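In this note's numbering, each residue carries its 1-based index in the sequence shown increased by 336.
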Amino acid sequence: MTRFRAILERTFPEDPGVPMIKVTFVDATGASQTVEARPGATLMETAVENAVPSIVGFCGGMCSCGTCHCYVDAGWASRMAAPSEDELDTLRRVLDRDPRSRLACQIKIEPGLEGLRVELPARQRNP
Ligand code: FES
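1. Residue range of the alpha helix (DSSP H) that S423 falls in?
2. To the nearest angstrom, report how far apart L449 and F361 are at their CA atoms.
3. I'd like the list of long-range same chain contacts for Q460, defined as Cβ closer than 7 Å, with 5 residues on each side in sequence excluded.
4. For E455, which of helix, strand or coil comes out of DSSP?
5. Considering only C-alpha positions, which residue in the set P375, D363, E381, A440 is nearest to M356?
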């Protein structure tokens, strides 16, 4: 068990009464990885816990590094909180930004996101 997974399990213990949420990450080659996400965790934490390539999470979710950049289609984006000004500021510095760009550390896993599919950029820049 990785140290990060242990922290996540302590912070968001699996509750048998709360089902896990299936999330699919699709990389720039089209390869996909479907994982189970803990409600309350962020999409970045879910990706790191499951060793999803391309999601680094360098700043630990502080919305400052941009290494959790992902693409969320409008249909899914409408089910999430809109990006904050801090998120938009950080997104201005990421590579390959487009109108679907979001920071995975700012997306909280909730039951309404069951089946969420996000795409990953071909390049992530370490700060
Ligand atoms: S983890 Fe650094 S901006 Fe998301």
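Glycine included, each C-beta is placed from N, C-alpha and C at the ideal position.
The structure displayed is predicted, hence computed values, not measured ones.
Short version:
1. Here residue 423 refers to the residue found at position 87 when the sequence shown is read from its first residue. Position check: residue 423 holds Glu in this sequence, whereas Ser was assumed. Segment 421-427, the alpha helix (DSSP H) holding E423.
2. Here residue 449 refers to the residue found at position 113 when the sequence shown is read from its first residue. Here residue 361 refers to the residue found at position 25 when the sequence shown is read from its first residue. Spanning the two alpha carbons is a distance of roughly 13 Å.
3. Within the sequence shown, numbered from 1, the residue matching residue 460 stands at position 124. The residues are S390, V392, T403, H405.
4. For the purposes of this step, residue 455 is taken as residue 119 along the sequence shown, with counting starting at 1. E455: strand per DSSP, three-state reduction.
5. Translated into the one-based positions of the sequence shown, residue 356 becomes position 20. Of P375, D363, E381, A440, the residue nearest in Cα terms is P375.
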